[in-house]
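Student: In this note's numbering, the protein residues as written are 48 to 181.
The beta carbon of each residue, even a glycine, is placed where N, CA and C say it ideally should be.
Quantities reported herein were computed from a predicted structural model and do not represent experimental measurements.
Dropping a structure here in structure tokens format, bear with me for questions.
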């Protein structure tokens with residue numbers, strides 16, 4: 048997967064995108080840096096990845112397409128390496144990892160709330176059974 052930025056650094060590409068008001072995330076950076084000025088995609092691997100990204104994005108309603116969603120989709124397409132880092136991101140901290148941590152945090156909260164609710168249900172059932180048997 049070849050980058051099409053030439054001598055232009057990713058930081059400059061990112062700044063230009065921000066100045067134009069474009070959403071900047073792992074996914075949009077990948078697509079921007081793999082697409083030629085005429086809009087074509089230079090190599091087959093990049094084209095396949097961009098196709099997968101577009102397919103996943105088409106399943107998301109327009110109003111739900113946020114930076115974190117873009118980063119999650121990027122993570123789904125490229126997966127993680129043995130250390131759990133998102134591929135194609137290098138050693139820099141990734142927004143995808145942050146999104147995954149947030150998702151894990153939400154799951155833990157949900158599980159904790161379910162446990163609390165189950166305790167309350169068990170208490171109510173115990174009290175009900177106690178009163179029914181009395």
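As a quick exercise: from 119, 58 and 70, pick the residue whose alpha carbon is nearest that of residue 150.
Tutor: Here the closest residue by C-alpha is 119.
Student: In the stretch 49 to 133, which residue ranges form an unbroken alpha helix (DSSP H) of at least 4 residues, counting only runs that do not cross its ends?
Tutor: For the stretch 49 to 133, whole alpha helix (DSSP H) runs of length 4 or above, ordered along the chain, are 57 to 66, 73 to 81, 91 to 105 and 114 to 125.
Student: Tell me whether residue 53 is buried or exposed, calling it buried when 16 or more other Cβ atoms sit within 10 Å of its Cβ.
Tutor: Exposed.
Student: Rounded to whole angstroms, what's the CA-CA distance from residue 55 to residue 62? Just pull it up for me.
Tutor: Residue 55 and residue 62: Cα-Cα distance of roughly 11 Å.
Student: Excluding sequence positions up to five away, which residues of its chain have a Cβ less than 7 Å from the Cβ of residue 79?
Tutor: Only 60 and 64 meet the Cβ criterion.
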